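Taking it in order: structure first as structure tokens, then the write-up.
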Amino acid sequence: MTITKICCIGAGYVGGPTMAVIAKKNPNIKVTIVDINQERIDAWNDADVSKLPIYEPGLAEIVEETRGKNLFFSTEIDKAIDESEMIFISVNTPTKTYGKGKGMAADLKYVELCARNIAEVATTDKIVVEKSTLPVRTAQAIKSILHNTGSNVNFEILSNPEFLAEGTAIQDLLNPDRVLIGGESESAIESLANIYGSWVSQDRILRTNVWSSELSKLTANAFLAQRISSINAISELCEHTEADVSEVARAIGMDSRIGSKFLNASIGFGGSCFQKDILNLVYIARSYGLNAVADYWEQVIILNDHQKRRFSDNLISTLYNTVSGKKIAMLGWAFKKDTNDTRESAAIYVADHLLSEQAQIAVYDPKVSEKKTQADLNYLNTRSEEENKSLMTSFEDPYEATKDAHAIAIMTEWDEFKSYDWKKIYSQMKKPAFIFDGRNILNKDAMESIGFEYSSIGK
Ligand code: UDX
Ligand code: UDX
29 MTITKICCIG
39 AGYVGGPTMA
49 VIAKKNPNIK
59 VTIVDINQER
69 IDAWNDADVS
79 KLPIYEPGLA
89 EIVEETRGKN
99 LFFSTEIDKA
109 IDESEMIFIS
119 VNTPTKTYGK
129 GKGMAADLKY
139 VELCARNIAE
149 VATTDKIVVE
159 KSTLPVRTAQ
169 AIKSILHNTG
179 SNVNFEILSN
189 PEFLAEGTAI
199 QDLLNPDRVL
209 IGGESESAIE
219 SLANIYGSWV
229 SQDRILRTNV
239 WSSELSKLTA
249 NAFLAQRISS
259 INAISELCEH
269 TEADVSEVAR
279 AIGMDSRIGS
289 KFLNASIGFG
299 GSCFQKDILN
309 LVYIARSYGL
319 NAVADYWEQV
329 IILNDHQKRR
339 FSDNLISTLY
349 NTVSGKKIAM
359 LGWAFKKDTN
369 DTRESAAIYV
379 ADHLLSEQAQ
389 IAVYDPKVSE
399 KKTQADLNYL
409 NTRSEEENKS
419 LMTSFEDPYE
429 ATKDAHAIAI
439 MTEWDEFKSY
449 DWKKIYSQMK
459 KPAFIFDGRN
469 ILNKDAMESI
479 GFEYSSIGK
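Residue numbering for the sequence shown is 29 to 487, as defined by the numbering used here.
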């Protein structure tokens, strides 16, 4: 089937950029992104593209180029579903916060709602594409819902997991290492392969069965996160020996079997995917009674939690075992640079721990608003909203945020942090002035020559 109209349910970090690139590369296909959240859709439609709900380098330009031509944002979900030949499901699948599998399993209620919605309103045949990361065999559930509607409409289900990383989403979409399509129907697979074929060479488009495709996504994220936990585990060992984790990472990374990417020791990984997907993998393994497998992957999360805690513990003990009443400036709140996304950011957990020790926190992040930092903290439910507000303040200017601080904690690897006037920052801080570089982005010698007490991860 040649596709002329696509609908994507979920205008989030995955749906938005993915559909923008599909629209750009397929000017003959009408792409409509729908969402239940009116505010989000209004932001996507804002004439001023700097107000888009998601910050991604290169995204605003593509939206500006395609919006109103073949890319549309709307809350008219039923209409968009019915007029499309292909529907992507890109809604969120958070970790369950209730009932069976609480804290581990993916909550599929939004995916199921989408499937039911599609089943209800479709009057013509559809190809339904799972874009959201889903537990293995979810396609079976979607299929069952779609096929039991009593209508004569035919549904084909494909799994097409997204591998983009935030901050580089547009580049990842434009030059993917591979595109993965899992499905039963060859013609449905080829319809989707043709859409990607507009800009991705066919040898990079992998065709698998649905289950392999679903499991590959979880496995890819688990392997990536495992590398970070592995190097972070070594970072702690480095701190107790004379080894330097950057040197170790470089030395092992030059072994082509290991490879050099994803070996940056850090304060711990964040983001919406790694933790959620591993918990999901662990849950699935346990549900099949595979406890050794489950324990193995769970350790990646345990180590990550340990790394975050270790960072704040170290900060507190270095500041003479008390941060009570002390101003700690946090540079960065996003879970990585070049994004305004803060989901599962290590900064949230470190801030919460420091606040429990009665620190005063000043936050500066170039892309994250105070509304978001407060909401992230309130979500943890450790203390009242009023208390959080009185203990933690956001600043628009890094020099203001760091003024009179006892210590600076670098939480996100934003490039701009490297080019600050660190002498000026030092002169305005309480002495001794400490820097805890959770991302290893500053130069130790340069910082020490200014006068800072500088510490980083794994050195
Ligand atoms: C989400 C999942 O987190 C990830 O696992 C999956 O791979 C892709 O989808 P993301 O795009 O980052 O990732 O999520 P989010 O930014 O929260 O966007 C989801 C959107 O779906 C939200 O805008 C939400 O309003 C919308 N939504 C949710 C619907 O339109 N309908 C629903 O029923 C539920
Ligand atoms: C990840 C996967 O990379 C992507 O393929 C998938 O589709 C979604 O999940 P994302 O979470 O957006 O993407 O960002 P990623 O670059 O993978 O970083 C995740 C976290 O790991 C960040 O907090 C980052 O700072 C951290 N990280 C990454 C490290 O601590 N060290 C590294 O070497 C790399």
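By construction, the Cβ of each residue, glycine as well, lies at the ideal position given by its N, Cα and C atoms. Computed from a predicted structure; not experimentally measured.
Should residue i and residue j be called a contact, given that it needs their Cβ atoms to be closer than 7 Å?
i      : j      : result
LYS52  : THR94  : yes
ILE198 : GLU158 : no
ASN98  : PRO45  : no
LEU162 : GLU242 : yes
LYS487 : ILE469 : no
MET47  : ILE61  : yes
ILE82  : TYR41  : yes
ILE259 : ALA293 : yes
LEU408 : ASN416 : no
SER340 : VAL378 : yes
ILE286 : ILE295 : no
PHE101 : ILE69  : yes
TYR109 : ILE146 : First, the amino acid is wrong: residue 109 is Ile here, not Tyr. Yes; because the gap between Cβ atoms is below 7 Å, this pair is in contact.
ASP76  : ALA39  : no
LYS452 : ILE478 : no
By a C-beta neighbour count over all protein chains shown, 10 Å radius and 16 as the cutoff for buried, is residue i buried or exposed?
i      : result
GLY195 : buried
SER78  : exposed
GLN335 : buried
HIS268 : exposed
ALA371 : What sits at residue 371 in the sequence shown is Arg, not Ala. By the neighbour-count rule (16 or more Cβ atoms within 10 Å), ARG371 is buried.
ASN319 : exposed
MET420 : buried
ALA277 : buried
MET282 : exposed
GLN388 : buried
ASP369 : buried
LYS124 : buried
ASN180 : exposed
PHE251 : exposed
LEU265 : exposed
LYS304 : buried
THR152 : exposed
Roughly how far, in whole angstroms, is the beta-carbon of residue i from the beta-carbon of residue j, given that I think they are within contact range, below 8 Å?
i      : j      : result
PHE223 : ILE57  : A small correction: the amino acid at residue 223 is Ile; Phe does not occupy that position in the sequence shown. The pair is a contact, with the Cβ atoms about 7 Å apart (cut-off 8 Å).
THR32  : GLU113 : 7 Å
ILE115 : LYS154 : 6 Å
ASN188 : LEU208 : 7 Å
VAL49  : LEU202 : 6 Å
I'd like the list of long-range same chain contacts for residue i, defined as Cβ closer than 6 Å, with 5 residues on each side in sequence excluded.
i      : result
LYS364 : GLY195
VAL391 : MET358, TRP361, THR401 and SER422
VAL328 : ALA253, GLN254, SER257 and ILE306
SER484 : ASP465 and ASN468
ASP366 : PRO85 and GLY195
LYS431 : GLN456
ASP488 : Lying before the first or after the last residue shown, residue 488 is absent from the chain, which here runs from 29 to 487.
MET132 : LEU307 and TYR311
ALA261 : LEU331
Under 7 Å Cβ to Cβ from residue i, same chain only, skipping five residues before and after it: list those, please.
i      : result
GLU476 : TYR482
GLU190 : VAL42, THR46 and LYS159
ALA216 : ILE155, GLU184 and LEU186
VAL321 : ALA313
Is any heavy atom of ligand 2 found at a distance shorter than 6 Å from the C-beta of residue i?
i      : result
GLY298 : yes
LYS171 : no
ALA193 : yes
ASN15  : In the structure as shown, the chain starts at 29 and stops at 487, and residue 15 therefore has no counterpart that could be examined.
LYS79  : no
CYS301 : yes
LYS364 : yes
ILE256 : yes
Does the beta-carbon of residue i, which I'm using as the reference point, lie nearer than 6 Å to any heavy atom of ligand 1?
i      : result
GLY96  : no
ALA250 : no
VAL156 : no
ARG144 : no
LEU141 : yes
MET471 : Contrary to the premise, residue 471 reads as Asn rather than Met in this sequence. No, since every heavy atom of ligand 1 falls outside the 6 Å radius drawn around the Cβ of ASN471.
ASN308 : no
ASP70  : no
TYR407 : no
SER240 : no
ILE16  : Outside the displayed range of the chain (29 to 487) lies residue 16, so it cannot be described from this structure.
VAL49  : no
GLY38  : yes
For residue i, which residues from the same chain have a beta carbon less than 8 Å from its beta carbon, with the 5 sequence-adjacent residues on both sides left out?
i      : result
HIS434 : LEU347, VAL351, LYS354, LYS355, ILE356, MET457, LYS458, ALA461 and PHE462
HIS175 : PHE183
SER226 : LYS53 and ASN54
Is there a C-beta anywhere in chain D that falls below 7 Å from the one on residue i?
i      : result
SER284 : No chain D is present in this structure, which holds just one protein chain.
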